[in-house]
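Below: the structure, in structure tokens.
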Amino acid sequence: MSKGQSTSKRLIHEIQSYGQEPSEALIDLGPVHDDDLFHWSAVMRGVEGTAYEDGLWKLDIQIPDNYPLAPPKVKFVTPICHPNVHFKTGEICLDLLKTSWSPAYTIASTMNAIQQLLTSAEPDSPLNVDIAQLFRQGDEVGSQSLIRFYTSLYRYSE
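According to this note's numbering, numbering within the sequence shown proceeds without interruption in unit steps and concludes at 163.
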């Protein structure tokens, strides 16, 4: 069996598993088109009790041919104000998507980890230096206000 075939089987299994046990973090997860298992999208909810709680974000997921040996490439399509997400490109700084990746992770568990990043920012390795500076300075009022403002301004809707 080729790598592409084994990856396709794995992805079909993940789609079926997600359909049986959807994640509370997500409103939607799956292939963008029925004929392409390697390009997915997700719609993620904000975490309750945080400045992100009213947010909805669309994410783009590119799955490599050698998945699950290599991580998917995930980025926010909807702008989000977070120290570990580049505001313009949507690039995410998360070890799980790079050096800490394991084939045991699924696309759904990866999305859960990204949602958890919203509650545990790493301002010392920022992609968004402006909001990271507020976090490092301990300006909780300023950072939370800015997050709420951008969450409201850019909330995803279909």
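No residue lacks a Cβ here, since even glycine has one placed at the ideal position from N, Cα and C.
Among the options, which has the Cα closest to the Cα of residue i?
i, options, result
"Thr124", "Trp106, Arg50, Ser105, Gln142", "Arg50"
"Pro76", "Pro128, Lys14, Lys103, Asp41", "Lys103"
"Glu127", "Cys98, Phe154, Ala47", "Cys98"
"Asp41", "Pro69, Ala118, Leu31", "Pro69"
"Tyr57", "Leu151, Leu139, Phe43", "Leu151"
"Gly9", "Asn71, Pro88, Asp100, Phe140", "Asn71"
"Gln120", "Val37, Phe43, Thr55", "Thr55"
"Glu149", "Asp135, His18, Ser46", "Sequence check: residue 149 is Gln here, not Glu. It is Asp135."
"Trp106", "Ala118, Gly95, Glu96", "Ala118"
"Glu5", "Ser11, Pro108, Gln138, Ile32", "Because the chain spans 6 through 163 in this model, residue 5 falls outside it and cannot be assessed."
"Arg141", "Asp39, Val48, His87", "His87"
"Glu96", "Lys78, His18, Ser13", "Lys78"
"Thr12", "Asp39, Pro108, Asp59", "Pro108"
On the DSSP bridge assignment, give the partners of residue i in chain order.
i, result
"Ser46", "Gly35, Asp65"
"His87", "Val90"
"Val79", "Ile66"
"Ile97", "Val90"
"Asp135", "According to DSSP, which records beta bridges pairwise, Asp135 is partnered with nothing at all."
"Asp41", "His38"
On the premise that residue j lies in contact with residue i, defined as a C-beta separation below 8 angstroms, what is that separation, rounded to the nearest angstrom?
i, j, result
"Leu132", "Val90", "6 angstroms"
"Asp100", "Lys80", "So it is not a contact: roughly 16 angstroms between Cβ atoms."
"Ile85", "Tyr155", "7 angstroms"
"Trp62", "Thr94", "Not confirmed; about 14 angstroms, so no contact."
"Trp45", "Val37", "6 angstroms"
"Tyr161", "Val48", "6 angstroms"
"Arg15", "Pro73", "6 angstroms"
"Asp59", "Ser130", "Asp59 to Ser130, Cβ: 27 angstroms. No contact."
Exercise. Could you tell me whether the region 106 to 114 touches the region 11 to 30, where touching means 3 or more Cβ pairs closer than 8 angstroms?
Key: Taking a contact to require three or more Cβ pairs closer than 8 angstroms, the region 106 to 114 and the region 11 to 30 qualify as touching.
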